[in-house]
Amino acid sequence: MISFALFNYWAVIVLMMVGFYALISRDNLVKKLIGLNIFQTSVIMMYVSFGKISGGTAPILIESGGHGGDGHGVQVAGDAAHAMRDNAEILYSNPIPHVLMLTAIVVGVATLALGLSLVVRIKEAYGTIEEDEITRMDNAA
Amino acid sequence: MSQNLPALLVVVPMMLAPIAALINRSGPAWVIATSGAWFAFGAAVQLLRRVMTEGMIVYSLGGWVAPIGIEYRIDQLAAFVTLIVSAIAAVGVLYARTSVASEIEEDRHALFYAAFLLNVCGLLGIAITGDVFNVFVFLEISSLSAYSMIALGQDRRALTSAFQYLIMGSVGATFIVIGIGLLFVMTGTLGMADLAERIPAIWASGDGDRTIAVAFTFLTVGVTLKLALFPLHLWLPNAYTYAPSAVTGYMAATSTKVSIYLLLRFFFSVFGVEFSFEQMRLDAILMPLALVAILAMSSVAIYQSNVKRLLAFSSVAQIGYMILGISFGSVIGVAAGIIHLFNHALMKGALFMAMGCVMYRIGSVRIEDMKGLGKSMPWTMAAFVGGGLSMIGVPMTVGFVSKWYLLQAAIKGGNWLAAVVVVVGSLMALVYIWKVIEVAYFKRRENDDPIEEAPLSLLIPTWTLVAASFWFGIDAGTTSDVAMSAAESLLGMMQ
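First to last, the sequence lines map onto chains A and B. Residues 1 to 141, numbered by the working numbering, are exactly what the first sequence covers, in order. Residues 1001 to 1495, numbered by the working numbering, are exactly what the second sequence covers, in order.
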């Protein structure tokens, strides 16, 4: 039986394999890049799942007893602090994977941008973005 | 200043890159790239000297101590690899001025130098960081800049090979991130030193050992893809063949070497030699692949008619030698791998640079176009012969030193098959190097258009590397001392 608790990870595996398959099997260079992106995105999902702690709240520091400042935001934080103080300790999700994935997203965007610009130049040079046609033209040359 | 040298080593090239791109004029951009590369070289020399006398340097970035901040850890191996990368970059950037001017359009020069600086920054960063996620970030900085530099080649196939490299390289990098993520979820840390402490405990407890094993597998595949170990080398021959000559010379000598460093770092420092070699039996997979790489890729190299492509396949074979040394798992084996890492950087850099000189004068590096070059470009071809002798492993060259250590390691390990393969591989190197020499020296040119010797701005950097490959072949003590002590500390003999 597939346990529902591990649902995230099943989604990760499915996405990973979909992306990887597209990357390997497609001849169209843009589709390859889409596959690569899905593949990379599955890893982002995996990391974020790692960071989740059951019952944990968003990792934003809740300070007990507001210190200065003005308006509504402090009020809400104060209320939350009161509510949390009853539960002795506040449980946060682990923020590190989220931060790491911000970096990975940036890297993914850079990779995609570079890949697409290469595709544009390949299109200019060869007149096609189908890998089998490019291979044929290279072999003929 | 000197206290912050580890950070400056990476930050200076990184900050200079956008300046070079913004100035957007060939000459000033080159000056900036040169100062960046030479600064890194100077810093690397100082760091190596400090590490050799004072031991490992631990530097916390921004003053945040390890578990919270990122730390740079520079031990002998890291300092040694830093020195290799920055030295090749410093020589390569001098070479690039003339070579790039003839092979890349004027309006792209500044961007090329920016990409070059970023690549230097990324490779140096991988070498000195002590944080596994930081490794990934630097890996991508160096890879993305490498893809764009390769795409600057004259032939349109440079574009497709850069694209192919981008796809395969990104898959490799993503595998590395998956491995890092699995390690993080088991240990709750990203610092290499912390990982090394916590992994054995988790493995021994038996709870989550499977995750550790999977992480190990992902890291192995990812890193071997990056370092182009047979059969994951498919991106390399095209990328090296169609990249601009200056890029090929620089990259062949640095990027795969840094990936091998990464392999050593993960397997020896993070997982530990006992886990990698006794629990996971890494040698059982690395050694056969290395042996096949040496034999298969050397024989493929023999049949190439494009010399850059020939040398690229030879590179894959030489990577086989380095991995072979590492796969012995003994001090002398790992030391042989590290020595060959350095030596191969010198000789392959020299060979590719000599081919760049040929490209500059005759616009081709096909063997049949090189007839009679021994007479018309004596210094260039002499450099090729010098590098070639090293490739074959003739005494008094660096190639001999690495083969000597490899053979010793093989014999000490009682592995006669490996010893035979090392020797056969050298004979095959003789065949493919001789093919070029024969045409260049003993065939006559059909037409009599005069071909001039390559300009000094190309010859001097090329000969610097050739001279270094003889120097370190005769004075082998320096490199082997560093490599031996690096290998000892990797294998935990110093603790």
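We treat Cβ as the ideally placed atom computed from N, Cα and C, and that holds for glycine.
An exposed status is given to Met17 (chain A), since fewer than 16 other beta-carbon atoms sit within 10 Å of its beta-carbon.
When C-beta distances to chain B are compared with 8 Å, the residues of the stretch 101 to 122 of chain A below that value are Thr103, Ala104, Val107, Ala110, Thr111, Leu114, Gly115, Leu118, Val119, Arg121 and Ile122, in chain order. For Ala1029 (chain B), not one C-beta of chain A is nearer than 9 Å to its own C-beta. Per DSSP, the unbroken alpha helix (DSSP H) holding Ile1338 (chain B) starts and ends at Val1331 to Ile1362. Secondary structure of Val1011 (chain B) (DSSP, three-state): helix.
In this structure, Ile1367 (chain B) sits away from Ala1487 (chain B), with a CB-CB distance that is not shorter than 9 Å. Of the candidates B:Pro1006, B:Ala1044, B:Arg1097 and B:Gly1062, B:Arg1097 places its Cα closest to the Cα of Pro1028 (chain B). Straight-line spacing of the CA atoms in Met101 (chain A) and Gln1076 (chain B) works out to 32 Å. The alpha-carbon of Thr1397 (chain B) is positioned some 23 Å away from that of Tyr1095 (chain B). Inclusion of Pro1395 (chain B) and Gly1477 (chain B) in the CB contact set at 9 Å is not warranted, their separation being larger than that value.
Counted as a single uninterrupted DSSP element, the stretch harbouring Ser1060 (chain B) is not any alpha helix (DSSP H) but the beta strand (DSSP E) occupying residues Ile1057 to Ser1060.
Closest in alpha carbon position to Pro1450 (chain B), among B:Lys1375, B:Val1423, B:Trp1379 and B:Ser1143, is B:Lys1375.
Thr41 (chain A) is positioned such that its CB atom lies no closer than 9 Å to that of Ser93 (chain A).
At a cut-off of 9 Å between C-beta atoms, Val1221 (chain B) does not count as an interface residue with respect to chain A. Residue pairing by DSSP puts Arg1073 (chain B) in a beta bridge opposite B:Val1058. In this structure, DSSP gives Tyr92 (chain A) an extended state, which the three-state scheme calls strand. Rounded to the nearest whole angstrom, the CA to CA distance from Phe7 (chain A) to Ile13 (chain A) is 10 Å. Our two residues, Ile1202 (chain B) and Phe1275 (chain B), have alpha carbons roughly 12 Å apart in a direct line. The alpha-carbon separation between Ser1469 (chain B) and Tyr1059 (chain B) amounts to approximately 33 Å. If you check each beta-carbon in the stretch 1057 to 1083 of chain B against every beta-carbon of chain A, none falls closer than 8 Å. Counted as a single uninterrupted DSSP element, the alpha helix (DSSP H) harbouring Arg1309 (chain B) occupies residues Val1307 to Ser1327. Taking C-beta atoms under 8 Å as the contact rule, Met1355 (chain B) and Ser1245 (chain B) qualify, at a distance of about 6 Å.
Three or more Cβ pairs drawn from the stretch 1318 to 1335 of chain B and the stretch 1281 to 1292 of chain B lie within less than 8 Å of each other, which places the two stretches in contact.
For the C-beta of Lys32 (chain A), the chain B residues within less than 7 Å are, from N- to C-terminus, Ile1167.
DSSP lists B:Asp1131 as the bridge partner or partners of Gly1191 (chain B).
DSSP lists A:Asn28 as the beta-bridge partner residues of Glu130 (chain A). Residues of the stretch 1300 to 1329 of chain B with a Cβ closer than 8 Å to any Cβ of chain A: none.
Annotated as proximal: Ser1086 (chain B) and Leu1124 (chain B), with beta-carbon spacing under 9 Å. With distances taken between CA atoms, Gly1179 (chain B) lies nearest to B:Phe1133 out of B:Lys1226, B:Phe1133, B:Val1365 and B:Ala1021. Assignment of Arg136 (chain A) by DSSP, reduced to helix, strand and coil, places it in the helix class. Annotation for Asp1207 (chain B): no alpha helix (DSSP H) segment contains it, and DSSP assigns it neither H nor E. Leaving aside the five residues that flank Leu1016 (chain B) on each side, the residues in its chain whose CB is nearer than 6 Å to its CB run, in chain order, Ile1032, Gly1036 and Leu1117. For Thr57 (chain A), the secondary structure class from DSSP, reduced to helix, strand or coil, is strand. Beyond the five residues adjoining it in sequence on each side, Asn1415 (chain B) comes within less than 6 Å, by CB distance, of no other residue in the same chain. Contact between Leu1465 (chain B) and Val1091 (chain B) holds, with the beta-carbon distance rounding to 6 Å and staying under 8 Å.
Secondary structure of Arg1366 (chain B) (DSSP, three-state): strand.
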